[in-house]
Each structure stands twice: as structure tokens, then as C-alpha cells.
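**Q** One structure, pasted below without further comment.
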Amino acid sequence: MTQPTPKARLVITALFVDQQSPAEVAARYGVHRAWVYKLKARYEAEGDTALAPRSRRPHTSPGALPGEVVEHIVRLRKELTGAGLDAGPDTIAWHLDHHHGLRVARSTVSRHLAAAGLVAPEPRKRPRSSYLRFEAAMPNETWQSDFTHYPLADGTTAEVISWLDDCTRYALHVSAHPRITTPIAVATFRDAVARHGIPASTLTDNGMLYTVRLSGGRGGRNAFEDELRRRHIVQKNSRPAHPTTCGKAERFQQTLKKWLRAQPDQPATITSCTHCSTSSSTSTTTADPTGHCPTGGPRRRSTTPYPKRCRPGHRPEHTRPGPPRPRRQGRVGHPAPQQPPAPHRCRPNPRRNLRHPARPGPPDPRRERRHRRAPARPDPRPHPRLSAHRRP
Numbered sequence: 001m002t003q004p005t006p007k008a009r010l011v012i013t014a015l016f017v018d019q020q021s022p023a024e025v026a027a028r029y030g031v032h033r034a035w036v037y038k039l040k041a042r043y044e045a046e047g048d049t050a051l052a053p054r055s056r057r058p059h060t061s062p063g064a065l066p067g068e069v070v071e072h073i074v075r076l077r078k079e080l081t082g083a084g085l086d087a088g089p090d091t092i093a094w095h096l097d098h099h100h101g102l103r104v105a106r107s108t109v110s111r112h113l114a115a116a117g118l119v120a121p122e123p124r125k126r127p128r129s130s131y132l133r134f135e136a137a138m139p140n141e142t143w144q145s146d147f148t149h150y151p152l153a154d155g156t157t158a159e160v161i162s163w164l165d166d167c168t169r170y171a172l173h174v175s176a177h178p179r180i181t182t183p184i185a186v187a188t189f190r191d192a193v194a195r196h197g198i199p200a201s202t203l204t205d206n207g208m209l210y211t212v213r214l215s216g217g218r219g220g221r222n223a224f225e226d227e228l229r230r231r232h233i234v235q236k237n238s239r240p241a242h243p244t245t246c247g248k249a250e251r252f253q254q255t256l257k258k259w260l261r262a263q264p265d266q267p268a269t270i271t272s273c274t275h276c277s278t279s280s281s282t283s284t285t286t287a288d289p290t291g292h293c294p295t296g297g298p299r300r301r302s303t304t305p306y307p308k309r310c311r312p313g314h315r316p317e318h319t320r321p322g323p324p325r326p327r328r329q330g331r332v333g334h335p336a337p338q339q340p341p342a343p344h345r346c347r348p349n350p351r352r353n354l355r356h357p358a359r360p361g362p363p364d365p366r367r368e369r370r371h372r373r374a375p376a377r378p379d380p381r382p383h384p385r386l387s388a389h390r391r392p
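Position 297 (the sequence shown) corresponds to 297 in our numbering; numbering is contiguous.
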């Protein structure tokens with residue numbers, strides 16, 4: 001039983017022990033008189049139970065999600081998790097829309113997953129809003145690469161290397177090897193180039209198979225750096241201890257290993273591991289017409305060779321139809337338009353200055369405006385207010 005509120009206890013004590021009226025109790029404790037009457041009637045009917053705080057939830061919620069849809073959400077979560085696929089709110093909302101004809105918002109799916117206890121709370125995890133997201137504007141603009149380890153059924157460990165397009169999140173190449181070396185990285189890169197074209201740049205970490213700039217030697221380049229230099233490809237490397245820069249490749253490897261662990265027949269050889277990895281990359285990068293991965297992988301973009309602002313027939317919203325307007329020429333060499341003076345500056349001043357009347361004739365040179373640093377002009381005439389005997 002929840003503890004009663006202190007104010008309710010005081011109100012009941014004042015009503016039934018001190019024998020005060022509801023109006024006096026309401027004025028004494030600063031509460032509404034109707035609430036005092038309600039609390040008094042509830043205490044007379046229920047006793048001490050009436051002092052416990054009650055829920056303010058409405059009795060009916062017409063906009064609440066039906067129970068059948070909540071069951072669909074929980075079942076899809078368990079099915080996708082058991083198959084080794086991503087089972088986030090976006091994936092579940094996609095399955096509800098395309099397989100069951102139910103439109104449910106992502107926030108609603110996330111709320112019901114948390115209410116069912118299917119989401120592990122991670123309060124110390126860094127929020128996504130704190131990261132600076134970036135992505136390539138066109139396919140083949142930037143490729144990301146990384147490799148990971150996966151244990152085989154025979155007790156050995158295989159290393160899986162992957163090449164991912166930064167714009168479309170498409171897995172360009174995935175293969176398993178006993179050990180990833182620089183010649184293998186060059187061979188996989190050439191295989192991806194032969195199938196998908198030459199990228200404009202690459203983004204990798206500072207592994208020795210990608211770069212030797214932090215090896216502490218006398219300088220130089222390895223075979224992979226020579227390959228990029230020969231093809232005039234810009235090489236980008238993340239900062240040390242910053243794995244989020246290559247987050248797309250890291251996230252793809254997480255999805256890949258999660259799918260491999262859920263398979264009933266675990267790979268026992270390098271060839272079977274390569275086959276399973278290729279099958280996983282095919283299933284996790286197959287996009288639907290909406291551009292979202294059905295298995296809950298990263299959101300893919302259109303693979304058009306043009307960026308959005310350069311597609312044929314695309315007209316931005318701010319452009320005007322018709323031929324382009326000629327540019328307005330500047331006013332170089334043209335005088336500014338003369339504005340007529342204000343009417344109040346043309347009429348004479350109705351107030352006359354009697355203390356200093358205006359003098360007819362040419363203006364007094366002593367009253368001319370001059371620069372403050374300019375020396376004073378000598379006045380050959382005597383001052384009218386000085387007498388003759390005080391003249392210098």
C-alpha cells in the first residue's frame with residue numbers, strides 16, 4: 001500500500017479530530033473546499049484507504065493501440081531476434097506496414113517494446129544526438145572498409161573484410177580469410193573496383209594494412225596506399241581512438257556477426273564462412289521500394305548516379321519557371337536619385353531667435369563650421385561686445 005499524502009492526513013485530522021468545518025480547513029491549508037468535501041466523503045466510505053494517492057490515468061483511451069497490434073509487435077521482435085536480424089522499431093514498423101497492413105509510428109513501437117521489457121536500458125550510453133553524422137552525396141564518392149574476427153566451428157578464427165559504399169550502404173565486397181594482410185586488402189579492393197567502378201575516396205581506420213603513417217618508421221607508403229595513389233583516389237583515415245568515424249562499417253560488421261551467430265549450421269571452414277558472409281550481406285542490403293532495409297539494416301539511399309540537386313528534370317523549389325532573369329547592373333558611374341526635401345524643411349521657422357537675431361548680408365566667417373583640430377582663423381574685425389580700451 002502506498003503511503004498517504006501528508007496534506008490529506010492533516011485535512012482528515014482537522015475534520016474528524018479538531019472538529020473543524022470544511023471551509024475552515026480549506027482556508028487553513030490553502031486547498032479547494034470541494035476537494036475537502038470529496039476527501040471527507042471518501043474517508044467516511046473507505047477509511048484509511050482513501051488517504052492513499054490515486055492514479056490520474058483516464059478511464060478510457062480511444063487513441064490507444066489495440067491489443068492485437070501490440071501482440072504483433074512483440075511477436076515480430078522475438079522472430080527477428082531469433083533469426084539473427086535487426087529487430088529495432090524501424091524494422092518492426094516496416095514489417096507491420098508491408099506484411100500486415102498496419103501503420104504504426106516508430107515511437108509507438110519503441111514505447112511498447114520498452115513496456116514489454118524487451119529493451120535493455122543503457123543509461124550510460126552516449127545519445128545519438130551528440131554525434132555529428134555525415135554521408136556521401138553520391139554513390140562511389142566514398143568507400144569504407146574494415147575487417148573483423150569470427151570464430152569457426154573447428155576452433156580456429158577467420159577474419160572477414162568488407163567494403164561498404166558510404167552513400168548507399170551497399171556491401172561491395174565481403175570475404176573471409178585466415179589473416180587479413182595488405183595484399184589481401186589490395187586484392188579485395190581491386191575486385192570491388194572491377195565490379196562497381198573506381199571510388200573518389202576511401203575511409204578507413206589506421207590499421208597497418210591500410211596505412212603506415214603512424215607506424216613510426218622513416219615514412220613511405222604500403223601497397224594499398226600506392227594503389228590509391230596510382231588511381232588518383234583520395235585516402236581518408238579516422239583519428240586514433242575514434243571508431244565512430246567509420247561507424248557505417250562497424251555497424252555492418254555487427255549485423256553480419258549477429259546473423260552468423262543465429263545460423264543453425266555454423267561455418268567450419270574459410271570457404272563456408274565466405275559463403276555465409278556473402279549470403280548475409282545479400283540479405284541485409286536488399287532494399288524495398290521505400291528505401292529501407294527489410295531486415296532492419298542501415299537505411300539505403302537511391303543508387304542514382306546523380307545527387308538530388310543534379311538529377312535530370314529536377315527543379316528546386318526556389319527557382320522560377322521560364323528563362324533566367326538578367327542580372328541587374330550596378331550603379332557604377334550613375335548618380336543617386338535626388339529626393340525632394342521634406343515639406344517641414346522648406347517653410348521658415350515660425351519662432352524667431354530674439355537673443356541672437358539673424359544678420360542680413362554674407363554669413364559671419366566666425367560661425368563657419370570648421371574641424372576641431374584646425375587652427376582658429378584670425379578675425380581682423382573687432383568684437384562688437386568688447387570696448388575700445390580693452391582691445392589688444
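For glycine and all other residues, C-beta sits at the position ideal for the given N, C-alpha and C.
Is the beta carbon of Gly84 sitting closer than 8 Å to the one on Ala200?
**A** No, they are not a contact pair.
**Q** Cβ of Trp163 within 8 Å of Cβ of Phe189?
**A** Closer than 8 Å, so yes.
**Q** Buried or exposed: Ile180, going by 16 or more other Cβ atoms within 10 Å of its Cβ?
**A** Buried is the call here.
**Q** Under 8 Å: do the stretch 54-61 and the stretch 75-89 share three or more Cβ pairs, one atom per stretch?
**A** Touching, no.
**Q** In angstroms, rounded to a whole number, what distance separates the CA positions of Asp265 and Phe252?
**A** Rounded to the nearest angstrom, the two C-alpha atoms are 21 Å apart.
**Q** Within a Cβ cutoff of 8 Å, which residues of the same chain sit near Leu65, ignoring the five residues on either side of it in sequence?
**A** Correct list, in chain order: Val104, Thr108, His112.
**Q** The alpha helix (DSSP H) that contains Pro183, what's its start and end?
**A** Pro183 -> alpha helix (DSSP H) spans 182-196.
**Q** Assign Leu118 to one of three DSSP states: helix, strand, or coil.
**A** If DSSP states are grouped into helix, strand and coil, Leu118 belongs with coil.
**Q** Would you list the residues sitting across from Ile161 in a DSSP beta bridge?
**A** Looking at the DSSP assignment, Ile161 forms a beta bridge with Phe147, Ser175.
**Q** Flag this pair as yes or no: are the beta carbons of Asn140 and His100 separated by less than 8 Å?
**A** Going by C-beta atoms, Asn140 is not nearer than 8 Å to His100.
**Q** Can you give the Cα-Cα distance for Tyr43 and His32, rounded to whole angstroms?
**A** Cα to Cα, Tyr43 sits roughly 17 Å from His32.
**Q** Can you tell me where the beta strand (DSSP E) holding Gln253 begins and where it ends?
**A** Looking at the DSSP string, Gln253 is not in any beta strand (DSSP E); the run it does join, the alpha helix (DSSP H), is 247-261.
**Q** DSSP three-state call for Lys38: helix, strand or coil?
**A** Residue state, collapsed to three classes: helix.
**Q** For a test of the three-state rule: what should DSSP assign to Leu132, helix, strand or coil?
**A** It is coil, neither helix nor strand.
**Q** Alpha carbon to alpha carbon, what distance is there between Ala120 and Cys414?
**A** Limits of the chain in this structure are 1 at one end and 392 at the other, which puts residue 414 out of reach.
**Q** What does Val234 pair with, by DSSP beta-bridge criteria?
**A** Partner(s): Ser201.
**Q** Tell me the DSSP secondary structure of Glu227 in three-state form.
**A** Glu227 falls in the helix class under three-state DSSP.
**Q** Let's see if you can read the secondary structure: which residues bound the alpha helix (DSSP H) around His98?
**A** Run containing His98: 89-99, per the alpha helix (DSSP H) assignment.
**Q** Where does Asp166 sit, in a helix, a strand or coil, going by DSSP?
**A** Three-state result, Asp166: coil.
**Q** Please work out which residues of its chain come closer than 6 Å, Cβ to Cβ, to Thr157, disregarding the five sequence neighbours upstream and downstream, and give them in chain order.
**A** Closer than 6 Å at the Cβ level, and outside the excluded window around Thr157, lie His149, Pro151.
**Q** In three-state DSSP terms, what is Val212?
**A** Correct three-state label for Val212: coil.
**Q** Do Leu228 and Thr393 come within 8 Å of each other at the CB atom, strictly closer than that value?
**A** Outside the shown range of the chain (1 to 392) lies residue 393, about which nothing can therefore be said.
**Q** Below 8 Å between beta carbons: does that hold for Cys273 and Ala176?
**A** Taking 8 Å as the Cβ cut-off, Cys273 and Ala176 qualify as a contacting pair.
**Q** Select from Ile161, Val186, Tyr210, Thr271 the residue whose C-alpha is nearest the C-alpha of Gln254.
**A** Nearest of Ile161, Val186, Tyr210, Thr271 to Gln254, Cα basis: Ile161.
**Q** Using a threshold of 8 Å, state whether the C-beta atoms of Thr278 and Val186 are closer than that.
**A** No, Cβ-Cβ distance for Thr278 and Val186 is not below 8 Å.
**Q** How close, in whole Å, do the beta carbons of Ser110 and Pro89 come, if the pair is a contact with beta carbons under 8 Å?
**A** Between Pro89 and Ser110 the Cβ distance is about 4 Å, and since that is below 8 Å, they are a contact.
**Q** Of the residues Met138, Lys248, Pro53, Asp226, which one's Cα is nearest the Cα of Ser145?
**A** Nearest of Met138, Lys248, Pro53, Asp226 to Ser145, Cα basis: Lys248.
**Q** Please state whether the Cβ-Cβ distance between Arg9 and Leu39 is less than 8 Å.
**A** No, these two residues do not count as a Cβ contact at 8 Å.
**Q** In chain order, what residues of the same chain have a beta carbon less than 6 Å from the beta carbon of Ile12, not counting five sequence neighbours either side?
**A** Excluding sequence neighbours, Ile12 sits near Tyr43.
**Q** Spatial neighbours of Lys308 within its chain, please: CB distance less than 6 Å, with the 5 preceding and 5 following residues excluded, ordered by chain position.
**A** Model confidence at Lys308 stands at a pLDDT of 39, short of 50, so the residue's coordinates are unreliable and nothing is read from them.
**Q** Skipping 5 residues on each side, what residues in its chain have a beta carbon closer than 8 Å to that of Arg239?
**A** Within the same chain, Arg239 has close Cβ partners Thr245.
**Q** Between the beta-carbon of His98 and the beta-carbon of Leu76, is there less than 8 Å?
**A** Cβ atoms of His98 and Leu76: not closer than 8 Å.
**Q** Do you know how far the Cα of Pro243 is from the Cα of Glu250?
**A** So the alpha carbons of these two residues sit roughly 8 Å apart.
**Q** So what's Arg218 in DSSP terms, helix, strand or just coil?
**A** Three-state DSSP puts Arg218 in coil, outside helix and strand.
**Q** Give every residue of the same chain whose Cβ lies closer than 8 Å to the Cβ of Lys7, excluding the five residues on either side of it in the sequence, and list them in chain order.
**A** Taken in chain order, the residues that qualify are Tyr29, Val31.
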